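Worksheet for the structure shown next.
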Amino acid sequence: MAELKTFQGGIHPPYNKELASGKAIKPAPIPSEVVIHLQQHVGAPCEPLVKEGDRVEVGQKIGEAQAFVSAPVHASVSGVVKAITEVPNFTGAKVRSVVITPDATQPEFQKKPGKDLESLTAEEIREIAKEAGLVGMGGAAFPTHVKITPPSDKPIDTVIINACECEPFLTCDHRLLLERTDDLIAGARLLKTAVGASRVIIGVEANKMDAVDALRSRASSYRDVEVEVLEVKYPEGAEKMLIFALTGRKVPPGKLPSEVGCLVQNVGTAVALYEAAAWGKPLYERVVTVTGPGVREPANLLARVGTPVSVLLEACGGLVGNPVKLIMGGPMTGWTQPDAKTPVVKGTSGVVVLTSEMVDLGEESECVRCGKCVEVCPMFLSPNFIVQSTKRGQWDRAEMWGALDCFECGCCSYQCPAYIPHVQYVRKAKAEIAARKKK
Amino acid sequence: MALDNLVITPPPHLRSKEQTAVAMRDVLIALAPITIAALVAFTYNALFNIAVCVGSAMFFELVARKVRKKKVTLSDGSAAVTGLLLALLLPPKIHWLNMIIASFVAVVIVKELMGGLGRNIFNPALFGFVFILIGSGFLASWTGHLGFLPGGFDGVQAATPVAYIKHGLEGAPSYAALLFANYGGAISEVGCFWILLGGAYLIYRKVINWVIPVTILATVFILAYILGSDGLYQILAGGVMLGAFFMATDWVTSPMYRWGQAVFGLIIGICIVLIRLYGGPSGAVAYSILIGNAFVPLLDRAFKPRKFGEVVAA
Numbered sequence: 001m002a003e004l005k006t007f008q009g010g011i012h013p014p015y016n017k018e019l020a021s022g023k024a025i026k027p028a029p030i031p032s033e034v035v036i037h038l039q040q041h042v043g044a045p046c047e048p049l050v051k052e053g054d055r056v057e058v059g060q061k062i063g064e065a066q067a068f069v070s071a072p073v074h075a076s077v078s079g080v081v082k083a084i085t086e087v088p089n090f091t092g093a094k095v096r097s098v099v100i101t102p103d104a105t106q107p108e109f110q111k112k113p114g115k116d117l118e119s120l121t122a123e124e125i126r127e128i129a130k131e132a133g134l135v136g137m138g139g140a141a142f143p144t145h146v147k148i149t150p151p152s153d154k155p156i157d158t159v160i161i162n163a164c165e166c167e168p169f170l171t172c173d174h175r176l177l178l179e180r181t182d183d184l185i186a187g188a189r190l191l192k193t194a195v196g197a198s199r200v201i202i203g204v205e206a207n208k209m210d211a212v213d214a215l216r217s218r219a220s221s222y223r224d225v226e227v228e229v230l231e232v233k234y235p236e237g238a239e240k241m242l243i244f245a246l247t248g249r250k251v252p253p254g255k256l257p258s259e260v261g262c263l264v265q266n267v268g269t270a271v272a273l274y275e276a277a278a279w280g281k282p283l284y285e286r287v288v289t290v291t292g293p294g295v296r297e298p299a300n301l302l303a304r305v306g307t308p309v310s311v312l313l314e315a316c317g318g319l320v321g322n323p324v325k326l327i328m329g330g331p332m333t334g335w336t337q338p339d340a341k342t343p344v345v346k347g348t349s350g351v352v353v354l355t356s357e358m359v360d361l362g363e364e365s366e367c368v369r370c371g372k373c374v375e376v377c378p379m380f381l382s383p384n385f386i387v388q389s390t391k392r393g394q395w396d397r398a399e400m401w402g403a404l405d406c407f408e409c410g411c412c413s414y415q416c417p418a419y420i421p422h423v424q425y426v427r428k429a430k431a432e433i434a435a436r437k438k439k
Numbered sequence: 440m441a442l443d444n445l446v447i448t449p450p451p452h453l454r455s456k457e458q459t460a461v462a463m464r465d466v467l468i469a470l471a472p473i474t475i476a477a478l479v480a481f482t483y484n485a486l487f488n489i490a491v492c493v494g495s496a497m498f499f500e501l502v503a504r505k506v507r508k509k510k511v512t513l514s515d516g517s518a519a520v521t522g523l524l525l526a527l528l529l530p531p532k533i534h535w536l537n538m539i540i541a542s543f544v545a546v547v548i549v550k551e552l553m554g555g556l557g558r559n560i561f562n563p564a565l566f567g568f569v570f571i572l573i574g575s576g577f578l579a580s581w582t583g584h585l586g587f588l589p590g591g592f593d594g595v596q597a598a599t600p601v602a603y604i605k606h607g608l609e610g611a612p613s614y615a616a617l618l619f620a621n622y623g624g625a626i627s628e629v630g631c632f633w634i635l636l637g638g639a640y641l642i643y644r645k646v647i648n649w650v651i652p653v654t655i656l657a658t659v660f661i662l663a664y665i666l667g668s669d670g671l672y673q674i675l676a677g678g679v680m681l682g683a684f685f686m687a688t689d690w691v692t693s694p695m696y697r698w699g700q701a702v703f704g705l706i707i708g709i710c711i712v713l714i715r716l717y718g719g720p721s722g723a724v725a726y727s728i729l730i731g732n733a734f735v736p737l738l739d740r741a742f743k744p745r746k747f748g749e750v751v752a753a
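Chains as they are written, first to last, in our numbering: chain A, 1 to 439; chain B, 440 to 753.
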């Protein structure tokens with residue numbers, strides 16, 4: 001067998017995808033209350049367009065973006081605005097949110113008269129993405145219309161669909177690849193038009209060969225769409241790693257993919273763009289993988305934005321064992337939650353419950369210079385020296401060792417025999433360095 | 440729902456099975472073949488040495504941590520490893536006071552006073568060994584055959600295998616003897632096959648990588664022939680194998696990056712040959728690795744890898 005495309009470094013954590021990969025997407029129950037954050041993306045928060053007591057219809061815009069780097073938010077249910085208040089999001093930060101009490105019965109979504117997708121212009125597609133409130137659904141939640149507005153001096157020739165889903169446990173993208181194959185390809189081609197690229201590459205990890213087959217059989221009718229199989233390795237789906245694996249191009253430190261003529265978008269985002277363009281559907285629901293050894297019946301649920309995690313867990317038969325970590329997102333980069341109240345946002349790809357058998361809360365000890373963090377770092381940084389410099393408050397040195405180039409994949413901490421939480425130190429160093437540069 | 444035990448931690452939430460203590464346990468397992476060979480060869484003499492060295496190393500660490508009011512770290516196994524390595528470096532008959540002194544220097548001065556495991560520049564066991572080597576000159580007073588196996592040296596004041604390197608190989612032990620059962624010098628010099636076995640285990644377990652041992656062995660082998668000495672004899676005799684697989688690969692005191700590790704091995708290999716041929720043969724490996732240790736901060740700076748996508752400034 002030919003060697004699969006990949007990058008250098010990285011790790012092989014236990015994937016545990018089989019818990020949910022065979023479960024078809026099904027709708028999650030409508031909760032008794034949805035909490036929609038007015039900021040669930042990178043960028044400026046939205047201003048509410050509704051007030052307490054207002055009636056809202058599903059898909060109605062309820063928060064307007066106030067800046068270019070921002071994305072509007074929409075009502076995910078039909079109902080009555082109960083309150084506009086501050087609620088902690090999945091990171092623990094308090095954000096202004098619209099609380100809606102849903103009606104007892106929810107209307108079926110009515111597809112708007114279909115547009116001719118082939119005739120849409122780049123400008124129109126960007127406008128559609130913006131109005132639908134699209135953000136990167138892999139977790140970063142960067143506004144899509146901004147990402148598909150590349151600088152005019154950096155022509156894009158390749159759109160890459162990130163179908164790696166390299167985070168362990170998560171299967172929402174896998175399910176979309178299988179169940180929404182045509183819509184994904186259509187969405188990817190819209191992205192291609194938006195940035196004026198000449199080709200689309202869909203990169204899939206080799207643990208989803210059924211999806212590869214489905215994609216290949218559907219993509220064969222398009223000459224501009226290629227499907228590539230990648231080695232199963234974390235973080236294969238990291239933007240820079242993926243571009244390198246698929247095209248051999250290296251995005252320089254501190255630069256964006258447009259520097260090497262690429263645009264990378266997540267599977268969910270491409271499908272959502274299709275839905276927005278073809279059906280006039282804003283982004284108010286998404287597929288969330290609810291899984292882990294602590295979940296009785298793992299599932300891929302189509303959940304309304306603003307649904308509390310507890311509702312999703314109940315829909316999966318509740319918890320089993322001794323749950324120790326409730327994670328929003330994947331187990332490598334996700335955020336642990338203090339309780340199950342947290343609402344789903346546009347970037348929530350999964351809810352993972354780890355039980356005590358899978359959680360190793362070892363105590364941080366002194367670095368023994370084994371060099372394993374260096375070996376696994378896909379960016380070829382020196383995580384141990386960033387930690388050392390951060391501990392000593394030597395910010396120039398932390399930067400020299402690569403603190404700003406770290407995208408926090410966590411491979412170093414995964415491999416570290418001394419249980420050092422490198423990512424935590426890196427975040428501290430980044431904040432300090434940024435604060436110093438402002439002065 | 441039973442969510443009372445939830446913990447909040449930074450990501451990642453999965454981790455490998457790697458642990459410092461597991462790695463140290465692997466080192467102890469890897470040292471088992473040579474330790475057993477030493478016990479078979481030197482019986483109670485070896486047992487006494489190992490007990491004194493391991494016991495005192497652990498005792499000194501315990502006391503040093505208590506005095507410094509730091510968490511006791513005996514369970515990480517590093518003190519036991521230091522003690523065992525030290526014992527393996529010593530000859531079978533040596534005054535117990537020498538061992539206590541070496542142990543004290545290794546654990547208290549070289550390791551704990553530098554800040555504890557991870558902060559030390561020099562390999563503790565080697566430094567302790569060299570300290571008493573210079574201080575007492577015990578190798579000259581090493582005598583005879585103490586085990587119950589046949590063969591080996593039973594005369595008084597027999598030459599150790601490394602002594603032949605400088606003065607010619609007339610009457611020296613055969614390659615096979617050096618590989619499987621030779622008596623002379625340290626208690627670990629009872630056949631380097633047993634050390635290779637342990638080294639292979641460490642590489643298999645990914646505790647160490649091949650770069651450092653291979654560059655050391657290759658450098659010694661090639662340079663020895665260039666300088667008119669028997670390269671094969673050189674890597675089989677004395678402590679080269681133990682040094683290459685167990686001492687120079689010490690995480691804390693070796694370079695972080697592959698190219699730095701290669702140069703580190705090269706420096707050590709060159710020093711071993713030069714010291715053996717033109718200086719005093721005993722302790723050549725120990726001196727060479729300590730010299731290599733001193734270069735580590737420099738090598739880490741010189742061989743810092745280029746970041747992903749970074750272009751060299753023209």
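Note that beta-carbon positions come from the ideal geometry of N, C-alpha and C, so glycine has one too. Quick caveat, the model's predicted, so the values are computed rather than measured.
Per the C-alpha coordinates, the member of A:D54, A:D224, A:G63 and A:V56 positioned closest to H41 of chain A is A:G63. Proximity of N444 of chain B to chain A, defined by a Cβ-Cβ separation below 8 Å, is satisfied. Residue-level contact by beta carbon fails for L117 of chain A and chain B, as no gap is shorter than 8 Å.
Residue pairing by DSSP leaves Q106 of chain A without any beta bridge partner.
Residue pairing for H74 of chain A: DSSP places it in a beta bridge opposite A:K61. When the five nearest sequence neighbours on each side are left out, the beta carbons in the same chain lying within less than 7 Å of the beta carbon of C316 of chain A are those of V290, V295, R296, E297, P298 and A299, in order along the chain. Beta-bridge pairing by DSSP links M328 of chain A to A:W335 and A:V351.
Proximity of the segment 132-146 of chain A to the segment 331-350 of chain A meets the contact definition, three or more beta-carbon pairs being nearer than 8 Å. Excluding the 5 residues flanking it on each side, C370 of chain A has same chain C-beta neighbours closer than 7 Å at P417, in chain order. With contact defined as three or more Cβ pairs closer than 8 Å, the segment 225-241 of chain A and the segment 147-156 of chain A are not in contact.
By the rule that beta-carbons nearer than 8 Å mark a contact, Q458 of chain B touches chain A. Contact residues of the segment 512-535 of chain B toward chain A are T512, D515 and S517 (C-beta to C-beta distance below 9 Å).
Annotated as distal: C406 of chain A and V387 of chain A, with beta-carbon spacing of 8 Å or more.
Within chain A, no residue has its beta carbon less than 9 Å from that of A625 of chain B; the closest one is some 26 Å off. Distance from G350 of chain A to L170 of chain A at the Cβ level is roughly 4 Å; contact confirmed, criterion being Cβ atoms closer than 8 Å. Bounds of any alpha helix (DSSP H) do not take in C262 of chain A; it lies within the beta strand (DSSP E) bounded by C262 to N266.
When C-alpha distances from N444 of chain B are compared across A:P323, A:C409, A:D360 and A:Y419, the shortest belongs to A:P323. Counting only runs of 4 or more residues that sit fully inside the segment 494-564 of chain B, the alpha helix (DSSP H) segments are 517-528 and 535-543, in chain order.
Taking C-beta atoms under 8 Å as the contact rule, L312 of chain A and A303 of chain A qualify, at a distance of about 6 Å. If you compare the alpha carbons of A:I84, A:G53 and A:T193 with that of L120 of chain A, the shortest gap goes to A:T193. A616 of chain B has a beta carbon lying at 8 Å or more from every beta carbon in chain A. Setting aside the 5 residues that flank it on each side, L656 of chain B is surrounded in the same chain by I674 and A683, each with a C-beta closer than 6 Å to its C-beta; the list follows chain order. Using a CB distance below 7 Å, the part of the segment 666-700 of chain B facing chain A consists of W690, V691, M695 and Y696, ordered along the chain. Around the beta carbon of Y717 of chain B, fewer than 16 other beta carbons lie within 10 angstroms, which makes this residue exposed. Taking a 10 Å sphere around the C-beta of Y483 of chain B, we find fewer than 16 other C-beta atoms and assign the residue as exposed. When Cβ-Cβ separations below 8 Å define contact, D396 of chain A makes no contact with chain B.
With fewer than 16 other Cβ atoms inside 10 Å of its own Cβ, R740 of chain B counts as exposed. In this structure, E357 of chain A keeps its C-beta atom at 8 Å or more from the C-beta atom of Y419 of chain A.
According to the DSSP assignment, V295 of chain A belongs to no alpha helix (DSSP H), since it is labelled neither H nor E. One alpha carbon belongs to A616 of chain B, the other to L19 of chain A, and they sit about 57 Å apart.
Using a CB distance cut-off of 8 Å, M328 of chain A does not count as an interface residue toward chain B. C166 of chain A and A431 of chain A have their C-alpha atoms some 27 Å from each other.
Straight-line measurement puts the Cα of R96 of chain A at about 29 Å from the Cα of A277 of chain A. The shortest C-alpha to C-alpha distance from H12 of chain A to any of A:T390, A:V376 and A:D339 is the one to A:V376. When the beta-carbon positions are compared, M332 of chain A and L524 of chain B stay at least 8 Å from each other.
The C-beta of D210 of chain A comes no closer than 8 Å to any C-beta of chain B.
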